[in-house]
Amino acid sequence: MSRPRIIVLGAGVSGLTTAVTMSLAGCDVVIYAAEGPAQTTSALAAAIWHPFYQAPDFVYLARARQTYTTMRRLSADAASGVRMRVLTEYFRRDAGAPWWAECASGLERLAPAEVPSRFACAYRMDAPVADAPIYLRYLMTLFLDLGGQYVHRRVSDPVSVLDDADHVVNCCGYGSRPFGDSDLSLSRAIVLRAARDDAVRGCFIDDADPASPTYVVERDDDIVLGGTADLDLTSTVIGERQIEDIVRRCAGLCEGVAALRIVEAHLGFRPMRRVPRVARDARHPRLLHNYGHGGGGFTLSWGCANDVLRLTGIASDASHPAVG
Ligand SMILES: Cc1cc2nc3c(=O)[nH]c(=O)nc-3n(C[C@H](O)[C@H](O)[C@H](O)COP(=O)(O)OP(=O)(O)OC[C@H]3O[C@@H](n4cnc5c(N)ncnc54)[C@H](O)[C@@H]3O)c2cc1C
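Under the UniProt record's numbering, the residue at position 131 of the sequence shown is numbered 131, and the numbers go up by one with no gaps.
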C-alpha cells in the first residue's frame, strides 16, 4: 500500500513537530514554509514548558502532559537543545498546587521562609526548556533524516495545494489570518537575552498578571528575561523603559538578574486564539489546522501534533527512540 502523502504548511514548532509525528507514522511528508525555522516566531520564544496564563482545561492538560513527556525524553540527547531545568514559580494567591501539577516531575512546595513576602506561596519543579533555534534545527534534521522534504514556498491558501496530497496540515501560526480566521489576533512579546552568569541558576516565573508575564529562563549559553503581552499592539519599537521594567520585575524573582549584562532585546508576536485551532476544516475534510497556540506553542506542541495525526485517521505503530 502506498504511503499517505502529507503537506505540512509552516516550519515553526507546530509545523516541525507535526511533520516529525506524521513521518514517524509512516507518511510521506513535505513541509512548505514561507520562512525557515530560524525566521519564525518560534525561534524567538523562551521555549519553557509552562501553561502561561491558562485556565484549567482537560484538553490543554492532556496535550501539555504529552509534550512534557516527549521533551523530557528529548533532553537525554544533548544535541536537541532541550534541557530539564529547575523551575520556581511564585504565586500571589495560595490555591494549592497548580492545576497542571500532575504533568511536572519533582514538584515541591517551598517553605514559607524561602518565599518573598509579596507572594503567597511558591512551587519548585523540573521543567523542559528548549534553546529554540537549536531545538528547531534539531527537529528539522530529524524530519529530513526520516525522509521528509522541505520546500521554501509561500502558499496563497491551504486549499490551493489540497490536490497535491492526501492531507494538508496548516501550521502557519499568525500566517493563518489571511486564510480567513478573524478569531486570530496578536500579542506582542518582548524578551531580553543576557550573558550567562552563575548568579542565575534555574528558571523563575510569576505570571499572575496576564499583561506582564515575568520569567527568567536559564539556557546553556545565555539567560532569557521576559516579558510583555500587549494585545493587538503591532509597533516594532522597543522602549528603554520597557527593557528596564522587565529587568526590574525579573530581579524581583531572582536577585542575580540585577547584575546581568543585557546583550539584546527581541520582539515577537504570539498567535492568539480563545482556543488553539487543532481541528479538521469544516468545508474541506482533508485539510487540518494546528495553529493559534498563543503563549503555549512549545508547551502544547507534541500533544497537538498527535491530535492532528489522530484526526487524519492514519494509524501509527512506529516509534523513535528520542520522540517516543
Ligand atoms: C517572545 C516569545 C516568547 C515565548 N515563550 C514561550 C514559552 O516560553 N513557551 C511556550 O510554550 N511558548 C512560548 N511562546 C509562544 C510560541 O512561541 C508560539 O506559540 C509558537 O512559536 C507558535 O508556533 P507556530 O509554529 O504555530 O508558528 P510560527 O513559529 O509563527 O511558524 C509559522 C510558520 O508558518 C509559515 N507560514 C506562514 N504563512 C505561510 C504561508 N502563507 N505559506 C507557507 N508558510 C507560511 C511561516 O513562514 C513559519 O514557518 C513565546 C512567544 C514569543 C513571541
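Every residue gets a Cβ at the ideal spot worked out from N, C-alpha and C, and that includes glycine.
Counting along the chain, residue 243 sits inside the alpha helix (DSSP H) bounded by residues 240-251.
Exposed is the label assigned to residue 157, since fewer than 16 other Cβ atoms lie within 10 Å of its Cβ. Judged by DSSP in its simplified three-state form, residue 155 adopts coil rather than helix or strand.
Judged by their CB atoms, residue 125 and residue 107 are nearer to each other than the 8 Å cut-off. For ligand 1, a non-hydrogen atom lies closer than 7 Å to the CB of residue 270.
When DSSP reads this structure, residue 113 sits in no beta bridge, so it has no partner.
A residue is called buried once 16 or more other Cβ atoms fall within 10 Å of its Cβ, and residue 298 is buried on that count. Beta-carbon to beta-carbon, residue 129 and residue 203 are separated by about 6 Å, close enough to satisfy the 8 Å threshold. Secondary structure note for residue 63: its alpha helix (DSSP H) is the uninterrupted segment 58-74.
When Cβ pairs closer than 8 Å are counted between the two stretches, the segment 208-217 is seen to touch the segment 225-232, the count reaching three or more. When the five nearest sequence neighbours on each side are left out, the beta carbons in the same chain lying within less than 8 Å of the beta carbon of residue 259 are those of 197 and 199, in order along the chain. In the DSSP assignment, residue 128 is bridged to 84. About 32 Å separates the beta carbons of residue 30 and residue 191, which is beyond the 8 Å limit, so they are not a contact pair.
Distances from the CB of residue 32 to the heavy atoms of ligand 1 include at least one below 7 Å.
Distances from the CB of residue 89 to the heavy atoms of ligand 1 are all 7 Å or more. Residue 91 carries a strand assignment under DSSP once its states are collapsed to helix, strand and coil.
Judged by DSSP secondary structure, residue 28 falls within the beta strand (DSSP E) whose first and last residues are 28-33. Remark: the C-beta of residue 296 is in contact range of ligand 1, defined as less than 7 Å to any heavy atom.
For ligand 1, no non-hydrogen atom lies closer than 7 Å to the CB of residue 21. Per DSSP, residue 310 is one residue of the alpha helix (DSSP H) stretching across 297-312. By the criterion of a C-beta distance shorter than 6 Å, residue 86 is surrounded in its chain by 202, once the five residues flanking it on both sides are discounted.
Looking at the backbone, the Cα of residue 149 and that of residue 120 are separated by about 51 Å.
Restricting attention to beta strand (DSSP E) runs no shorter than 3 residues, the segment 183-212 encloses them at 185-195 and 203-206, ordered along the chain. Between residue 7 and residue 168 a beta carbon distance of about 5 Å is seen, short of the 8 Å cut, so the two are scored as contacting. The C-beta of residue 117 has fewer than 16 other C-beta atoms within 10 Å across all chains shown, which makes the residue exposed. Setting aside the 5 residues that flank it on each side, residue 144 is surrounded in the same chain by 150, each with a C-beta closer than 8 Å to its C-beta; the list follows chain order. The alpha-carbon of residue 310 is positioned some 19 Å away from that of residue 292.
In this structure, the C-beta of residue 161 stays at least 7 Å away from each heavy atom of ligand 1. Taken from the Cβ of residue 291, at least one heavy atom of ligand 1 lies inside 7 Å.
Residue 294 carries a helical assignment under DSSP once its states are collapsed to helix, strand and coil. C-alpha of residue 60 to C-alpha of residue 195: approximately 34 Å in a straight line. If you check the CB distance, residue 270 and residue 303 do not come in under 8 Å. Distance between residue 52 and residue 39, taken at the CA atoms: about 23 Å.
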